[in-house]
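Trainee: Numbering (the working numbering), first residue to last: 6 to 302. From the three backbone atoms N, C-alpha and C, an ideal C-beta is built for every residue, glycine too. Okay, handing you the structure first.
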């Protein structure tokens with residue numbers, strides 16, 4: 006079996022603490038719940054930078070440099086690299102985070118889900134080839150498809166639970182009496198968190214479902230996509246998902262930050278938008294705590 010919890014085989018990034026300890030440190034260091042999604046689209050790059058796949062690493066590095074002190078995490082989306090043969094740019098992007106934002110965790114958005122032997126290769130891809138802190142996973146195949154990832158006790162497993170896309174409810178909200186997303190949350194807490202390295206994906210576009218997930222998984226960090234272009238309500242998402250410590254959320258925004266500007270000042274514009282979102286998240290958290298409405302208090 007290809008796996009393991011041994012930090013030394015995970016590339017050059019020294020892992021000496023658990024994933025949740027690193028996430029707690031990231032929250033504390035940046036005083037931020039914001040995650041920047043790195044979904045590079047070369048056709049949208051500023052003209053002066055160049056609009057080919059060969060410029061992905063430079064674009065991402067500029068974004069990371071501009072936002073490093075504002076975020077707790079970065080989330081590169083693997084398809085945006087692999088589709089244009091830019092896997093080396095993904096390696097370089099992770100390295101840029103380690104250099105410029107060493108406090109931040111890197112979550113590889115890959116949504117892997119396959120039989121055990123193949124899952125072991127996907128785990129090796131994420132944790133050795135790309136040396137990320139965590140990876141998103143699709144639980145549809147059940148526990149045996151997740152086990153090769155769970156064996157990496159120092160890395161995070163980020164399980165899709167209630168996603169933010171428009172069609173998610175066709176499957177995830179069925180049956181009404183006990184929707185699939187709620188069952189996933191319960192199973193995840195009971196079976197898929199042996200090392201305390203679990204996260205769940207809960208979209209900002211469905212705050213009621215997000216609140217139920219928080220109730221079912223009170224101490225599990227939530228990765229929250231769906232803000233910005235997808236139209237999620239930031240305040241409602243924070244109020245629904247904040248944990249009893251006033252944290253517990255990694256709130257992702259990609260396009261709204263990456264493409265806030267299209268000129269030579271694109272990085273400065275990205276920083277301005279990231280600052281706005283960081284501050285809005287802080288205010289929403291303060292409002293929630295001030296009202297005493299966060300769960301599990």
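Under 8 Å, with one C-beta from each stretch per pair, do the stretch 154 to 165 and the stretch 190 to 205 reach the 3-pair mark?
Mentor: Judged by Cβ distances under 8 Å, the stretch 154 to 165 makes contact with the stretch 190 to 205, as three or more pairs qualify.
Trainee: What's the gap between the Cα of residue 45 and the Cα of residue 64?
Mentor: The straight-line gap from Cα to Cα measures roughly 8 Å.
Trainee: Closest to residue 249 by CA distance: which of 225, 232 and 264 is it?
Mentor: Comparing Cα-Cα distances from residue 249 to each of 225, 232 and 264, the minimum goes to 225.
Trainee: Taking Cβ positions, are residue 159 and residue 42 nearer each other than 9 Å?
Mentor: No.
Trainee: Enumerated in chain order, which unbroken segments of the alpha helix (DSSP H) with a length of 4 residues or greater are wholly contained in the stretch 151 to 191?
Mentor: Within the stretch 151 to 191, the complete alpha helix (DSSP H) runs of at least 4 residues are 174 to 177.
Trainee: Could you round the C-beta distance between residue 169 and residue 210 to whole angstroms and report it? I think they count as a contact, below 8 Å.
Mentor: That belief holds up - the Cβ atoms of residue 169 and residue 210 are roughly 4 Å apart, short of 8 Å.
Trainee: With which residues is residue 112 paired in a DSSP beta bridge?
Mentor: For residue 112, which the question treats as bridged, DSSP gives the partners 139.
Trainee: By the 10 Å Cβ neighbour count, where 16 or more other Cβ atoms means buried, how is residue 80 classified, buried or exposed?
Mentor: The residue is buried, with at least 16 neighbouring Cβ atoms inside 10 Å.
Trainee: Which residues does DSSP pair with residue 78 in a beta bridge?
Mentor: Paired residue(s): 40 and 110.
Trainee: In the DSSP assignment, find the beta strand (DSSP E) that holds residue 21 and state where it starts and stops.
Mentor: It is not in any beta strand (DSSP E) - residue 21 carries neither H nor E in the DSSP assignment.
Trainee: Could you have a look at residue 283 and say whether DSSP puts it in helix, strand or coil?
Mentor: Correct three-state label for residue 283: helix.
Trainee: Which residue comes first and which comes last in the alpha helix (DSSP H) that contains residue 94?
Mentor: Counting along the chain, the alpha helix (DSSP H) containing residue 94 begins and ends at 92 to 105.
Trainee: How big is the Cα-Cα spacing for residue 174 and residue 230?
Mentor: For residue 174 and residue 230, the distance between alpha carbons rounds to 15 Å.
Trainee: For residue 221, decide whether its Cβ has a neighbour in chain B, counting only Cβ atoms nearer than 9 Å.
Mentor: Among the protein chains of the structure shown there is no chain B, as only one such chain exists.
Trainee: Going straight from the alpha carbon of residue 278 to that of residue 122, what length do you get?
Mentor: So the two alpha carbons sit approximately 42 Å from each other.
Trainee: With a CB to CB cut of under 7 Å and the five nearest residues on each side skipped, what residues in its chain are close to residue 199?
Mentor: Correct list, in chain order: 155.
Trainee: Could you give the residue range of the beta strand (DSSP E) that holds residue 207?
Mentor: Here the beta strand (DSSP E) through residue 207 covers 203 to 207.
Trainee: Flag this pair as yes or no: are the beta carbons of residue 98 and residue 117 separated by less than 9 Å?
Mentor: No, Cβ-Cβ distance for residue 98 and residue 117 is not below 9 Å.
Trainee: Taking just the CA atoms, how far does residue 220 sit from residue 301?
Mentor: Interpretation of residue 301 is limited by its pLDDT of 46, a score under 50 that renders its predicted location unreliable; no figure is taken from the coordinates.
Trainee: Check for me: the beta strand (DSSP E) holding residue 255 runs from which residue to which?
Mentor: Looking at the DSSP string, the run of the beta strand (DSSP E) that includes residue 255 is 254 to 258.
Trainee: What are the boundary residues of the beta strand (DSSP E) that residue 227 is part of?
Mentor: Taken as a continuous stretch (DSSP letters only), the beta strand (DSSP E) holding residue 227 covers 227 to 229.
Trainee: Per DSSP, which residues does residue 117 bridge with? Please list them.
Mentor: Answer is 142, bridged to residue 117.
Trainee: In whole angstroms, what is the alpha-carbon distance linking residue 179 and residue 197?
Mentor: C-alpha separation (whole angstroms): 22 Å.
Trainee: For residue 245, which residues from the same chain have a beta carbon less than 8 Å from its beta carbon, with the 5 sequence-adjacent residues on both sides left out?
Mentor: Answer for residue 245: 212, 213, 215, 216 and 219, listed in chain order.
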